[in-house]
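Student:
Chains as they are written, first to last, in full-length UniProt numbering: chain D, 1 to 412; chain G, 1 to 412.
(1) Can you check whether the C-beta of residue 58/G is within less than 8 Å of a C-beta belonging to chain B?
(2) If you pair each beta-carbon of the stretch 97-109 of chain D with each one of the stretch 375-388 of chain D, do three or more pairs fall below 8 Å?
(3) Please identify, using Cβ separations under 8 Å, the residues of the stretch 90-113 of chain D that lie next to chain G, in order along the chain.
(4) Here's a check: name, in chain order, each residue in its chain whose Cβ is nearer than 7 Å to the Cβ of residue 299/G, leaving out the five neighbours to either side.
(5) Closest by CA to residue 189/G, which one among 156/G, 396/G, 61/G?
(6) At 8 Å on the CB atoms, spell out the chain G contacts of residue 382/D, in chain order.
(7) Using three-state DSSP, classify residue 156/G as helix, strand or coil.
(8) Under the assumption that residue 169/D contacts residue 196/D (Cβ atoms under 8 Å), give the Cβ distance between them as a whole number of angstroms.
(9) Could you give the C-beta distance for residue 218/G and residue 353/G, rounded to a whole number, given that I count them as a contact under 8 Å?
(10) Less than 7 Å between C-beta atoms, sequence neighbours within five positions excluded: which residues of the same chain meet that for residue 376/G?
(11) How many Å lie between residue 115/D and residue 257/D at the Cα?
(12) I need the DSSP call for residue 364/D, collapsed to helix, strand or coil.
(13) 8 Å is my cut-off, CB to CB: does residue 398/D come that close to chain G?
(14) On the CB-based measure, 16 or more other CB atoms within 10 Å of its CB, does residue 369/G come out buried or exposed?
(15) Determine the closest residue to residue 78/D out of 28/D, 84/D, 88/D, with distance taken between C-alpha atoms.
(16) Give me the residue from 311/D, 312/D, 305/D, 337/D with the minimum Cα distance to residue 293/D.
(17) Using the beta-carbon of each residue, which ones in chain D are nearer than 9 Å to residue 33/G?
(18) Using a 10 Å radius around the Cβ and a threshold of 16 neighbouring Cβ atoms, would you call residue 339/D buried or exposed?
(19) Go ahead and pull the three-state DSSP assignment for residue 303/D.
(20) Between residue 251/D and chain G, is the shortest Cβ-Cβ distance under 8 Å, so that the two count as touching?
(21) Note down the Cα distance separating residue 174/D from residue 123/D, rounded to an integer number of angstroms.
(22) Do you know how far the Cα of residue 246/D is from the Cα of residue 140/D?
(23) Among 367/G, 360/G, 82/G, whose alpha-carbon lies nearest the alpha-carbon of residue 267/G?
(24) With 16 other CB atoms within 10 Å as the buried threshold, where does residue 163/G fall?
(25) For the alpha helix (DSSP H) that residue 397/G lies in, which residues bound it at each end?
(26) Count the other CB atoms, across all protein chains shown, that sit within 10 Å of the CB of residue 101/D; report buried if there are 16 or more and exposed otherwise.
(27) If you measure beta-carbon to beta-carbon, which residues of the stretch 40-56 of chain D are closer than 8 Å to chain G?
(28) From the DSSP output, which residues share a beta bridge with residue 239/D?
(29) Which residues in the same chain as residue 128/D place their Cβ atom closer than 7 Å to its Cβ, once the five residues preceding and following it in sequence are excluded?
(30) Between residue 349/G and residue 322/G, is the Cβ-Cβ spacing less than 8 Å?
(31) Could you give the DSSP three-state label for residue 333/D: helix, strand or coil?
(32) From this set, 326/G, 125/G, 374/G, 143/G, which residue's C-alpha is nearest residue 23/G's C-alpha?
(33) Within a Cβ cutoff of 7 Å, which residues of the same chain sit near residue 208/D, ignoring the five residues on either side of it in sequence?
(34) In chain D, what lies closer than 8 Å to residue 64/G by C-beta?
(35) From residue 244/G to residue 117/G, what distance separates their C-alpha atoms?
(36) Mind checking residue 250/G: buried by the 16 CB within 10 Å criterion, or exposed?
Rendered as structure tokens:
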């Protein structure tokens with residue numbers, strides 16, 4: 001029986017595994033974590049809205065229901081394409097087919113200073129770490145007697161006007177105005193500044209312009225300062241600099257202005273494309289290695305002249321496609337080139353406010369928010385997790401309360 | 001207006017705060033964490049049954065509803081009894097009345113080796129750390145080819161037959177047999193050994209003997225090896241030694257064989273009693289300092305010839321009593337000596353199995369388990385937390401499933 005090894009249990013890897021299981025191949029899943037992370041909700045962990053356990057699902061719980069499938073918790077250390085073997089921290093694993101989808105990491109474009117001082121949201125621990133930092137900043141602000149230092153503690157600079165930046169900015173200002181303002185009567189919550197810095201001249205580039213306009217107006221109404229055509233050029237522990245001229249005193253820089261392929265991509269030993277991504281053939285396989293596939297954020301493929309975006313729906317469709325391709329080859333059936341079907345984009349801004357665009361239909365406000373909510377619940381893995389998330393959302397919606405405001409680790 | 005400073009937001013501190021608020025005094029609460037921890041359920045975090053967020057409650061959420069009460073997140077560094085001031089990491093705080101209830105820490109009786117290698121369950125982070133370790137041990141066991149080493153990874157030695165040891169042993173073996181046996185089909189779950197080592201000749205000393213017998217029989221039926229009259233005398237990273245003779249290869253030593261007063265007790269500068277506890281007057285105040293009170297695990301007080309136990313009900317009653325004493329003094333009313341009303345004890349062993357003793361009534365099995373469950377839900381702070389815990393318990397009860405089996409941090 002042929003063995004398919006899937007590296008990376010993100011959106012793509014999970015779909016590939018489900019599609020392959022029980023279809024006459026042996027499936028081996030490899031990840032360095034023992035859970036699948038629902039990354040799109042990580043910003044809600046960072047803003048005390050969700051506990052981290054509700055957006056992670058144990059891979060072994062999933063594997064139980066998949067025939068001829070096993071999971072290996074391991075870090076991949078080398079890939080031998082000619083020997084058809086991967087080396088891992090748990091020993092070597094040989095394969096007949098290899099599917100690599102290890103996702104992306106934050107791209108600081110080589111700026112070590114930014115990398116050192118900025119927070120980001122990619123791994124599960126990032127959410128809790130950022131939440132601890134935000135809450136600790138308010139605790140320190142209470143104890144701070146110097147007004148300038150207090151203001152810096154309550155200033156949050158968010159870089160990048162994509163969905164992550166917009167969602168985090170909206171969730172953070174709601175946390176401050178609805179929740180922390182009541183927790184810290186000693187502080188004036190209106191003193192808190194949340195700045196969203198975007199290098200281009202609009203937010204949410206992937207959306208139609210009128211939805212971008214709605215988003216910026218909504219954020220500004222909520223109190224977020226949105227800055228266009230500005231770049232954060234350097235950072236220290238106590239300040240960031242805009243365009244090398246304006247200095248903003250802050251203790252919190254959040255970076256969502258770029259991603260690149262995870263370092264694992266380099267192990268494939270092939271020439272990497274833009275952002276370190278791996279150029280793939282139309283069927284998502286490697287040139288000269290039709291038995292090796294790359295999916296998700298790691299794969300670089302152009303469609304209709306533009307590179308496919310690094311988003312979850314692309315990864316999911318790629319995972320399913322690769323599984324079907326492998327099975328088609330095994331069964332001697334013809335394989336199809338991959339084609340991404342863009343079902344649209346959505347981003348939430350705040351309570352009852354979101355934007356969504358799908359098949360030429362543009363939604364905003366409450367309908368978009370409801371659609372966002374239902375779709376995220378649908379894609380979340382695990383029934384218990386859905387209930388937990390729904391419970392937390394309901395609590396916030398009706399009581400304006402986010403209860404996960406715990407400082408679970410102390411900053412030095 | 002007189003200022004009452006309460007140090008420590010455990011069971012005692014929280015009750016004192018609630019009792020004092022709005023009674024004509026200013027209340028200042030101090031804790032180094034921003035949450036109240038419901039410690040009795042920490043072992044369920046360690047055994048993947050509960051997420052840590054469901055057993056912690058933000059102190060500021062509680063303080064919102066308490067008039068003339070504020071919270072300061074700070075570590076206490078010194079106590080000046082004559083100057084009526086405490087020094088903290090957030091600056092000095094003067095008081096008219098001081099209530100100190102900073103709880104207890106694990107007592108390794110000076111054995112540094114044990115302290116270095118053993119796990120315990122006192123702080124919130126301990127639960128997640130132990131869960132990560134248990135799950136990582138199983139992951140390593142899967143990858144381990146040497147049968148002896150694999151057996152050591154699946155051997156868990158629990159020291160101390162009190163409620164914590166019994167509850168953890170029961171919850172751990174159920175995790176292994178009901179949940180992990182399905183997660184790790186590669187392993188033989190029956191190979192897992194869970195040993196409970198007690199220095200005396202029975203478990204649960206605080207209970208009537210027939211309940212102790214029920215507990216040991218139940219644990220043995222579940223597969224726990226219970227050893228009496230044995231002591232763990234030394235430990236390394238790979239083994240523990242019993243009575244200096246028998247060596248057991250294990251990677252997991254859990255210590256619940258003793259507690260002593262938290263180091264903060266020494267800051268009071270008075271002579272400490274057994275286990276570092278602070279001897280108090282019948283009204284729980286310090287000798288020569290009637291304005292300073294010590295409550296909970298930190299207080300040493302004899303009643304009917306025996307020292308009061310270091311358990312949550314004592315702390316809660318002391319917290320309420322001290323608050324009433326302070327208010328009585330302010331109002332010029334007579335104060336009463338503290339008297340602990342023992343309402344009984346309970347400990348859960350497993351699914352539908354517990355022991356409870358109250359006012360001469362002894363319960364075991366399902367009725368005791370139901371009583372345990374309802375009482376713990378009742379004392380848990382926060383309605384949302386109660387729903388979360390109930391949801392997790394229901395899930396486990398009906399589906400034999402514990403979903404928080406996440407390895408959220410990697411061991412070196």
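All C-beta atoms, glycine included, are put in the ideal place defined by N, C-alpha and C.
Every value quoted in this text rests on a predicted model; they were computed, and no experiment measured them.
Tutor: Reading off the structure:
(1) The structure shown has no chain B; the protein chains it does contain are D and G.
(2) Fewer than three beta-carbon pairs drawn from the stretch 97-109 of chain D and the stretch 375-388 of chain D are found closer than 8 Å, and the two stretches are therefore not classed as touching.
(3) Of all residues in the stretch 90-113 of chain D, only 90, 91 place a beta-carbon less than 8 Å from a beta-carbon of chain G.
(4) Sequence index remark: in the second chain, residue 299/G carries index 299 (1-based). Answer for residue 299/G: 277, 278, 280, 284, 318, listed in chain order.
(5) What you label residue 189/G is simply residue 189 of the second chain in a count that begins at 1. Taking only the C-alpha atoms, the option nearest residue 189/G is 156/G.
(6) Residue 382/D sits at position 382 when you count from the first residue of the first chain. Residues of chain G whose Cβ lies closer than 8 Å to the Cβ of residue 382/D are, in chain order, 403.
(7) Position 156 of the second chain, counting from 1, holds the residue named residue 156/G. Looking at residue 156/G - three-state DSSP - the assignment turns out to be strand.
(8) Position 169 of the first chain holds residue 169/D. Position 196 of the first chain holds residue 196/D. About 5 Å separates the two Cβ atoms, so the contact holds.
(9) Looking up residue 218/G in the second chain gives position 218. Looking up residue 353/G in the second chain gives position 353. Yes, residue 218/G and residue 353/G are in contact; Cβ-Cβ is about 5 Å, under 8 Å.
(10) Position 376 of the second chain holds residue 376/G. Only 40, 41 meet the Cβ criterion.
(11) Stepping through the first chain from its first residue, residue 115/D is reached at position 115. Stepping through the first chain from its first residue, residue 257/D is reached at position 257. In this structure, the CA atom of residue 115/D is about 12 Å from the CA atom of residue 257/D.
(12) On the first chain, position 364 is the one that residue 364/D refers to. Residue state, collapsed to three classes: strand.
(13) Here residue 398/D refers to the residue found at position 398 when the first chain is read from its first residue. No, residue 398/D does not count as interfacial toward chain G.
(14) Along the second chain, one-based indexing puts residue 369/G at 369. Classified as buried, residue 369/G has 16 or more neighbouring CB atoms from the shown chains inside 10 Å of its CB.
(15) The residue given as residue 78/D occupies position 78 in the first chain. That would be 88/D, whose Cα lies nearest to the Cα of residue 78/D.
(16) If you number the first chain from 1, residue 293/D lands on position 293. With distances taken between Cα atoms, residue 293/D lies closest to 337/D.
(17) Walking along the second chain from the start, residue 33/G turns up at place 33. Result: 406, 407, 408, 410.
(18) Stepping through the first chain from its first residue, residue 339/D is reached at position 339. It is exposed - the Cβ of residue 339/D has fewer than 16 other Cβ atoms within 10 Å.
(19) Numbered from its first residue, the first chain carries residue 303/D at position 303. Residue 303/D: strand per DSSP, three-state reduction.
(20) Reading the first chain from its first residue, position 251 is the one you call residue 251/D. No, no contact with chain G.
(21) Residue numbering aside, residue 174/D sits at position 174 when the first chain is read from its first letter. Residue numbering aside, residue 123/D sits at position 123 when the first chain is read from its first letter. Whole-angstrom Cα-Cα distance: 23 Å.
(22) Here residue 140/D refers to the residue found at position 140 of the first chain. Here residue 246/D refers to the residue found at position 246 of the first chain. Distance between the alpha carbons of residue 140/D and residue 246/D is about 25 Å.
(23) By one-based count along the second chain, residue 267/G stands at place 267. Ranked by Cα distance from residue 267/G, the options 367/G, 360/G, 82/G are led by 82/G.
(24) Within the second chain, numbered from 1, the residue matching residue 163/G stands at position 163. Looking at its Cβ environment, which holds 16 or more other Cβ atoms inside 10 Å, residue 163/G is buried.
(25) If you number the second chain from 1, residue 397/G lands on position 397. Element bounds for residue 397/G: 383-399.
(26) What you label residue 101/D is simply residue 101 of the first chain in a count that begins at 1. Buried, because 16 or more other Cβ atoms sit within 10 Å of the Cβ of residue 101/D.
(27) 51, 52, 53, 54, 56
(28) By one-based count along the first chain, residue 239/D stands at place 239. Beta-bridge pairing links residue 239/D to 249/D.
(29) Here residue 128/D refers to the residue found at position 128 when the first chain is read from its first residue. The answer, listed in chain order, is 45, 52, 408.
(30) Counting from one through the second chain, the residue named residue 349/G turns up at place 349. Counting from one through the second chain, the residue named residue 322/G turns up at place 322. One thing to note: residue 349/G has its Cβ no nearer than 8 Å to the Cβ of residue 322/G.
(31) The sequence position of residue 333/D within the first chain is 333, counting from 1. Note: residue 333/D maps to coil in three-state DSSP.
(32) Locating residue 23/G in the second chain gives position 23, where the first residue counts as 1. Measuring from the Cα of residue 23/G, the nearest candidate turns out to be 326/G.
(33) The residue you call residue 208/D lines up with position 208 of the first chain. Hits under 7 Å: 357, 362.
(34) Taking the second chain and counting its residues from 1, one reaches residue 64/G at position 64. Neighbours of residue 64/G on chain D, chain order: 182, 183.
(35) Sequence index remark: in the second chain, residue 244/G carries index 244 (1-based). Sequence index remark: in the second chain, residue 117/G carries index 117 (1-based). The alpha-carbon atoms of residue 244/G and residue 117/G are separated by roughly 17 Å.
(36) The residue you call residue 250/G lines up with position 250 of the second chain. Label assigned to residue 250/G: buried.
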